[in-house]
Amino acid sequence: LRPVGVPGAPDCTVLTDPIRLGNGHVLAELVDRAVLGRHTLLMGAEGVGKTRLLEDLAAVVAGRRVLLDGAAQKRARRKYVQMPQTHGEAYTLVYVAEAGPNGRLVDALAKAFHELGILALPGIPPGMRAGACDEYAWPEVKKLLRTVDERQQAVVESLHDLAGGGRAPRLLIVLDALDRASASQGLFLRELQ
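This is the structure we're talking about:
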């Protein structure tokens, strides 16, 4: 697993110490939905713990096993929450802490895709992207993809290529603070879906 953009998340490390979590049935449901490839919109009033839940989801994707409290165990019908570890079915988390403004969202996704070696760069065939992404540092990529629109198109093209049988692991894209997203981001967010 390669968590990208998650502050403090270890790279390629499985955390074995379980953490105890109340209301873990919601986390269990989020994990189940991610495994099934379902889109999920998490809504709630400010301060109810949405961001904390997404941070816990990031920990689960990174390999942490979460021990649920008694009530959550009953509701989730399990004792632990963890991502399945089947061969070839790893999840790569792309966590964007704030969805707005549009340029920041696009840059966060483009930079994460660059780090993963899957960003569509001009004139580079899909099979050679990983090498090109390794060769070019992020500031150089921003010179190749000069505008937010060009970077947005590169992100969308990367996702289309992955959906068509790309070589990367399954992506779990988490966008926090969507309430701060502008109306102009709606089409881009729809394209991400």
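According to our numbering, the stretch in the sequence shown is residues 835 to 1027, in order. Cβ atoms here follow ideal geometry from the backbone N, Cα and C, with glycine treated the same way.
Distance between residue j and residue i (C-alpha atoms, nearest Å)
i       : j       : result
Ala931  : Leu1009 : 6 Å
Asp968  : Gly871  : 28 Å
Ala964  : Leu888  : 28 Å
Ile952  : Ala905  : 41 Å
Ala942  : Leu978  : 16 Å
Tyr929  : Thr885  : 11 Å
Gln907  : Glu880  : 26 Å
Met962  : Leu996  : 14 Å
Arg980  : Leu950  : 20 Å
Ala1017 : Arg985  : 19 Å
Gln1019 : Glu1025 : 10 Å
Asp866  : Tyr970  : 36 Å
Gln987  : Glu974  : 17 Å
Neighbourhood of residue i by C-beta distance below 7 Å, restricted to the same chain and skipping five residues each side
i      : result
Val991 : Rather than Val, the amino acid found at residue 991 in this sequence is Glu. If we look at Glu991 and ignore the five residues flanking it on each side, its Cβ neighbours are Ala954.
Pro959 : none
His921 : At His921, the pLDDT of 47 sits below 50, so the modelled position is not reliable; the number obtained from the coordinates is stated separately. So no residue of the chain qualifies.
Lys976 : none
Residue environment, residue i, which counts as buried when at least 16 other CB atoms sit within 10 Å
i       : result
Val882  : exposed
Gly957  : exposed
Ala946  : buried
Ala966  : buried
Leu939  : buried
Phe1022 : buried
Gly937  : exposed
Within 7 Å, strictly: CB atoms of residue i and residue j
i       : j      : result
His915  : Val894 : Looking at the sequence itself, residue 915 is Val, so the reference to His does not match. Yes; because the gap between Cβ atoms is below 7 Å, this pair is in contact.
Leu861  : Asp903 : no
Leu1006 : Ala868 : yes
Val989  : Ala944 : yes
His994  : Trp972 : no
Residues near residue i by beta carbon distance below 6 Å, same chain, minus five either side
i      : result
Cys846 : Here Cys846 scores only 32 on pLDDT, less than 50, and its place in the model should not be relied on; the value that follows carries that caveat. Same-chain partners within the cutoff: there are none.
Residues near residue i by beta carbon distance below 8 Å, same chain, minus five either side
i       : result
Leu864  : Thr874, Leu876, Leu887 and Leu891
Gln1027 : His873
Arg912  : Ala862 and Leu902
Gly878  : Lys884
Any non-hydrogen atom of the ligand SAM closer than 6 Å to residue i Cβ
i      : result
Gln907 : As for the ligand SAM, it is missing from this structure, which has no ligand bound.
Worksheet item: Which runs of the beta strand (DSSP E) spanning at least 3 residues fall entirely within the stretch 899-981, listed in chain order?
Response: 900-902 and 925-930
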